[in-house]
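Visitor: Residue 31 in numbering that gives the first Met the number 0 sits at position 32 of the sequence shown, with consecutive numbering throughout.
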Amino acid sequence: MAGNFENVGYAKPGKAGIYNVLIMEEKQTIMALGAGASTKFVLDHGARTERAENVKDVTSYLARIDEMIDRKAKKMEEISWH
Numbered sequence: 000m001a002g003n004f005e006n007v008g009y010a011k012p013g014k015a016g017i018y019n020v021l022i023m024e025e026k027q028t029i030m031a032l033g034a035g036a037s038t039k040f041v042l043d044h045g046a047r048t049e050r051a052e053n054v055k056d057v058t059s060y061l062a063r064i065d066e067m068i069d070r071k072a073k074k075m076e077e078i079s080w081h
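#1: If you reduce the DSSP assignment to three classes, tell me which class A1 lands in.
#2: Could you check if T38 is buried or exposed, using at least 16 other CB atoms within 10 Å of its CB as the buried criterion?
#3: What ranges does the alpha helix (DSSP H) occupy inside the stretch 7-55, keeping only unbroken runs of at least 4 residues that lie completely in it?
#4: With a 10 Å radius around its C-beta and 16 neighbouring C-beta atoms as the bar for buried, classify N53 as buried or exposed.
#5: Below 8 Å between beta carbons: does that hold for E25 and V41?
#6: Please report the straight-line C-alpha distance between K55 and A34, rounded to a whole angstrom.
#7: Take A31 and list the residues in its own chain whose beta-carbon comes closer than 6 Å to its own, dropping the five residues that flank it on each side.
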């Protein structure tokens with residue numbers, strides 16, 4: 000469903016899912032996997048976000064998968080210490 004040309008999701012009245020609420024309010028870190036996927040880290044109790052994007056080309060993704068996993072794992076470790 001669109002409102003002001005942005006994706007606001009859809010739920011039956013009184014049935015909004017917690018996942019959608021957290022995502023739309025940018026309160027939840029999202030770990031994305033696969034070529035072209037974009038992970039979003041929510042930092043400082045929601046005060047800021049950082050993104051870590053995977054390469055889009057499947058061949059490049061497969062060749063560099065360890066690099067992308069390590070980058071995201073290091074950021075998750077950094078977050079867990081705060």
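Ideal Cβ positions, reconstructed from N, Cα and C, are used throughout, including at glycine.
Keep in mind the model is a prediction, meaning the values are calculated, not measured.
Guide: So, to answer that:
#1: Taking the sequence shown and counting its residues from 1, the one referred to as residue 1 is at position 2. Its pLDDT being 49, under 50, A1 is placed unreliably by the model, and nothing is read from it.
#2: Here residue 38 corresponds to residue number 39 of the sequence shown, with the count starting at 1. With at least 16 other beta carbons inside 10 angstroms of its own, T38 counts as buried.
#3: 17-23
#4: Here residue 53 is taken as the residue at index 54 of the sequence shown, counted from 1. Under this definition N53 is a buried residue.
#5: Residue numbering aside, residue 25 sits at position 26 when the sequence shown is read from its first letter. Residue numbering aside, residue 41 sits at position 42 when the sequence shown is read from its first letter. Yes, the pair counts as a contact, with Cβ atoms nearer than the cut-off.
#6: Locating residue 55 in the sequence shown gives position 56, counting from the first residue. Locating residue 34 in the sequence shown gives position 35, counting from the first residue. Distance between the alpha carbons of K55 and A34: 5 Å.
#7: If you number the sequence shown from 1, residue 31 lands on position 32. Around A31: S37 and T38.
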